[in-house]
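Some notes on the structure that comes next.
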Amino acid sequence: MAEFENVTTINELPLTINISMTSTGQRFKMNISSFNTVEDLKQKLVRMRELPRNSHIRLIHQGQLLENNQKICDTGIQNEGSLHCVLSQFGNNQNNEYDEEERIDIEAIPVGFDRLLMYGFTQLEVEQFRSQFRSSYMRTVEPYPTTETERKEIEDEWVDGLIDIEYMNNDIGVEQQRAIIRRTINEQHQQFSLATSQNGTDNDLFFGAVLGFLLGIVVLFFLWADLPKKRKLGIILGIVFNICIALLYTIFRTK
1 MAEFENVTTI NELPLTINIS MTSTGQRFKM NISSFNTVED LKQKLVRMRE LPRNSHIRLI
61 HQGQLLENNQ KICDTGIQNE GSLHCVLSQF GNNQNNEYDE EERIDIEAIP VGFDRLLMYG
121 FTQLEVEQFR SQFRSSYMRT VEPYPTTETE RKEIEDEWVD GLIDIEYMNN DIGVEQQRAI
181 IRRTINEQHQ QFSLATSQNG TDNDLFFGAV LGFLLGIVVL FFLWADLPKK RKLGIILGIV
241 FNICIALLYT IFRTK
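So the sequence shown is numbered by UniProt numbering: it starts at 1 and just counts up by one.
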């Protein structure tokens, strides 16, 4: 049995976590074992970022404040996941006043596309990005998010992939940061639009099925047209359904 003593369990695997400083907008990566606690992560954060010893660190994941005794593997954080870091100084506030201040701070943390406000985008631009995202990419998410909190969590995950941490630091100017983000958004939107136009949507599948059912084999020539894949599939399904109905009608009529 001794040969198994040094085997690393899945909970002990190292994770790379993206940390966002809410006060400065700075983002960076940290590596830590998923078997460590949130307190271990905070201590490592103090050492690596040379934070003041009297700093009060709060780590938030998807709007939830993480407790010090929680293990990283129990927080729901995945590899390349994101945490928001809120820094404040220890003061002389009473506990109830401090708790209320902490609650307000956490609620004020931007999530989803609102995080782009820290990079100088206007509220109008952020709403345009959000509208574009929800009318295209989010329609492909299954199960479809039914609450605003779920939608913001999906936005948050997408923004994590949108912001390149290697560039989003203090070494470049705000204008260049915005240019990088805007270019990435446009490139990803173009790629998604191209994939959608080639594959089609559920509406294409439904429209093709109706067309195939109503017109039957007459509509087969549409399969050679430049149509989305889902519409062609819908046409085939509609034709098959049309033939099945015709066969059933013939069988029952001859009886």
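Cβ atoms here follow ideal geometry from the backbone N, Cα and C, with glycine treated the same way. This structure is a prediction, so every number in the text was calculated from the model and none was measured.
Where does residue i land, buried or exposed, given buried means 16+ other C-beta within 10 angstroms?
i           : result
CYS85       : buried
GLU156      : Reading off the sequence, residue 156 comes out as Asp, not Glu. Classification of ASP156: buried, given that the 10 Å Cβ count is 16 or more.
PHE129      : buried
VAL218      : exposed
ILE251      : exposed
MET48       : exposed
ALA209      : buried
residue 264 : Missing from the structure shown is residue 264; the chain here goes from 1 to 255 and no further.
SER82       : buried
ARG27       : buried
ASP204      : buried
Between residue i and residue j, is the Cβ-Cβ spacing less than 9 Å?
i      : j      : result
LEU220 : ILE243 : no
ILE57  : LEU45  : yes
TRP158 : PHE133 : yes
LYS29  : ASN68  : no
ASN31  : ILE17  : yes
SER136 : HIS61  : no
LEU211 : ILE235 : yes
SER55  : LEU15  : no
Considering just the uninterrupted stretch of the beta strand (DSSP E) at residue i, what are its terminal residues?
i     : result
SER20 : 14-21
ASN31 : 27-33
Just list the residues that DSSP pairs residue i with in beta bridges.
i     : result
CYS85 : MET21, LEU59
LEU65 : ILE60
LYS71 : THR37
What is the residue span of the alpha helix (DSSP H) that residue i lies within?
i      : result
ILE245 : 229-254
LYS44  : 38-49
ARG130 : 123-135
LEU220 : Here LEU220 belongs to no alpha helix (DSSP H), and DSSP marks it neither H nor E.
LEU214 : 202-215
Would you kindly work out how many angstroms separate the C-alpha atoms of residue i and residue j, rounded to a whole number?
i      : j      : result
GLY112 : PHE213 : 43 Å
ARG231 : PHE192 : 18 Å
ILE154 : MET21  : 20 Å
THR147 : GLU187 : 28 Å
ARG53  : ARG182 : 38 Å
LEU247 : PHE207 : 23 Å
MET138 : PRO228 : 20 Å
MET118 : PRO110 : 9 Å
ARG253 : ASP226 : 39 Å
GLY76  : GLY216 : 51 Å
THR184 : LEU237 : 38 Å
TYR249 : TYR144 : 39 Å
PHE35  : LYS71  : 6 Å
ALA179 : VAL141 : 28 Å
GLN123 : SER33  : 37 Å
GLU80  : LEU233 : 37 Å
ASP74  : VAL38  : 10 Å
THR149 : GLN78  : 19 Å
Contact criterion: CB-CB distance below 9 Å. Does residue i meet it with respect to chain B?
i      : result
GLU155 : Of the protein chains in the structure, only one exists, and it is not chain B.
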